[in-house]
Amino acid sequence: MTTTIDSTQKLHLVFGGELENLDGVRFRDIAGLDVVGIFPDYASAQVAWKAKAQATVDQAQTRYFIVHLHRLLEP
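Residue numbers for the sequence shown, in the numbering used here: 132 to 206.
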């Protein structure tokens, strides 16, 4: 039985900030966005996202997102 290893990187970006309102995704201050980091897989990105989301639970306007960078980099 042959096992193949997927050598592609599945990069994910975690970032967030304060939204203008809860009906959309428009940030109040783009210069003040919190870029948490770039992660090598979804699982580690989700751990970082969850930590930031839970730390800001009392700030109703603040949201954090995971962006699948690897999808943007594929031709």
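Glycine included, each C-beta is placed from N, C-alpha and C at the ideal position.
Predicted model only: the values in this text are computed from it and were never measured.
Exercise. Ends of the alpha helix (DSSP H) at R202?
Worked result: Sequence index remark: in the sequence shown, residue 202 carries index 71 (1-based). Note, R202: alpha helix (DSSP H), L200 to L204.
Exercise. Straight-line CA distance for Y195 to L142?
Worked result: By 1-based counting over the sequence shown, the position of residue 195 is 64. By 1-based counting over the sequence shown, the position of residue 142 is 11. Cα to Cα, Y195 sits roughly 17 Å from L142.
Exercise. Do the region 197-205 and the region 169-182 make contact, defined as three or more Cβ pairs closer than 8 Å?
Worked result: yes
Exercise. Who are V166's beta bridge partners in DSSP?
Worked result: The sequence position of residue 166 within the sequence shown is 35, counting from 1. Looking at the DSSP assignment, V166 forms a beta bridge with F146.
For this session: Within the same chain, show all residues whose beta-carbon is closer than 7 Å to that of Q177, passing over the 5 residues directly before and after it, in chain order.
Result: In the sequence shown, the residue the question calls residue 177 occupies position 46. Excluding residues within five positions, the ones whose Cβ falls inside 7 Å are I197.
Exercise. Skipping 5 residues on each side, what residues in its chain have a beta carbon closer than 7 Å to that of T135?
Worked result: Locating residue 135 in the sequence shown gives position 4, counting from the first residue. No answer about T135 holds up, because its pLDDT of 49 lies below 50 and its placement is not dependable.
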